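Visitor: Got a structure for you, written out below as structure tokens; questions coming shortly.
Numbering (the working numbering), first residue to last: 293 to 530.
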């Protein structure tokens, strides 16, 4: 084993700690995001129906607020995970690893800004209560649509982040090459879906529903590396 090989593999306690933090962060994110998105948002929001959506939010205002808080925690954890992956990958290619981290951080910032629109929707609807104000309902739906547009823009940056992490993994191998390929595929899924939605309102595909497996596997890989640690030499190609 020579010193040059060691430059390609994270060693010492810091990458191991980063792996544990990143794995736990991703696991918490997965639970919170799934509940907020599928358990709350998709049950309350009826696309194109301002009145029904508004009435649902008014009737379940506490759940809607919980959803916003959950998404906010997810965004904060995105920044934590960006740091963790940078610590793990920086020995391979520091500039690319830093770029990947900043793309994920930028996504998180855009997502938080978009979340403020949902909070304004909640304030707007709770202020009118049960009164039937179609003008307010339309404003609420416009706010929700603005949130979704901002989220889609942010997901383009998130997709680029995954592509960069995938490329670094395939090229150098700290993260297994096969897992890097799955992450790159997930990144492409986000890019195609987000750009498709922004370009055409009639876009009906959801490629991301079938390409997220790399993100799921990454959770358990990081937790495993946090427990097992990283080898001292270059990880064998996978």
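Heads up, the beta-carbon is just placed ideally off N, CA and C, and yes, glycines get one too. Please read these numbers as outputs of a predicted model, since none were measured by experiment.
1. What are the complete beta strand (DSSP E) segments, minimum 3 residues, inside the segment 342-426?
2. Take the Cβ of residue 307 as the centre, count every other Cβ of all protein chains shown within 10 Å, and call the residue buried at 16 or more, exposed below.
3. Do residue 331 and residue 518 come within 7 Å of each other at the CB atom, strictly closer than that value?
4. At which residues does the alpha helix (DSSP H) containing residue 465 begin and terminate?
5. Between the segment 389-406 and the segment 473-480, do three or more beta carbon pairs fall short of 8 Å?
6. Nearest-angstrom Cα distance between residue 514 and residue 440?
7. Quick check: the Cα distance between residue 472 and residue 418, rounded to an integer number of angstroms?
8. With a Cβ-Cβ cutoff of 7 Å, do residue 482 and residue 500 count as a contact?
9. Should residue 396 be flagged as near chain B, meaning a C-beta pair shorter than 7 Å?
10. I believe residue 322 touches residue 380 by the beta-carbon criterion, under 8 Å. Please report the beta-carbon distance rounded to the nearest angstrom.
11. Which residue's Cα is closest to the Cα of residue 339: 508, 414, 445, 433?
12. Can you check which of these residues, 324, 366, 468, 453, is closest to residue 512 by C-alpha distance?
13. Check whether the Cβ atoms of residue 427 and residue 372 lie closer than 7 Å to each other.
14. If you compare alpha carbons, which of 354, 383, 325, 352 is closest to residue 460?
15. Mapping the DSSP letters down to three states, classify residue 502 as helix, strand or coil.
16. In chain order, what residues of the same chain have a beta carbon less than 6 Å from the beta carbon of residue 355, not counting five sequence neighbours either side?
17. Residue 390 and residue 360: beta carbons closer than 7 Å?
18. Taking the C-alpha atoms as reference points, what is the distance between residue 363 and residue 375?
19. Between residue 378 and the rest of its own chain, which residues show a CB-CB distance below 6 Å, the 5 nearest in sequence each way excluded?
20. Rounded to whole angstroms, what's the CA-CA distance from residue 369 to residue 425? Just pull it up for me.
Guide: According to the structure data:
1. Taking 3 residues as the minimum length, the segment 342-426 contains no beta strand (DSSP E) run wholly inside it.
2. Classification for residue 307: buried.
3. Contact annotation: residue 518 and residue 331 have beta-carbon atoms that are not nearer than 7 Å.
4. Segment: none, residue 465 is in no alpha helix (DSSP H) and carries neither H nor E.
5. The segment 389-406 makes no contact with the segment 473-480, as fewer than three CB pairs between them are under 8 Å.
6. For the pair residue 514 and residue 440, the Cα-to-Cα distance works out to about 30 Å.
7. Computed Cα separation, rounded: 45 Å.
8. Taking 7 Å as the Cβ cut-off, residue 482 and residue 500 qualify as a contacting pair.
9. Absent from the structure is chain B; it holds one protein chain and no more.
10. About 19 Å; that fails the 8 Å criterion.
11. That would be 433, whose Cα lies nearest to the Cα of residue 339.
12. From the listed residues 324, 366, 468, 453, the smallest Cα separation to residue 512 is found for 468.
13. Between residue 427 and residue 372, the CB-CB gap reaches or exceeds 7 Å.
14. Residue 383 is the option with its Cα nearest to residue 460.
15. The answer is helix: DSSP assigns residue 502 an H, G or I state.
16. Its chain contains 332 as the residues whose beta carbon lies nearer than 6 Å to that of residue 355, once the 5 sequence neighbours on both sides are disregarded; these appear in chain order.
17. The answer is no: Cβ separation not under 7 Å.
18. The straight-line gap separating the alpha-carbon atoms of residue 363 and residue 375 is approximately 19 Å.
19. Within the same chain, Cβ atoms closer than 6 Å to the Cβ of residue 378 are found at 389, 393, the five residues on either side in sequence being excluded.
20. Approximately 38 Å between the Cα atoms of the pair.
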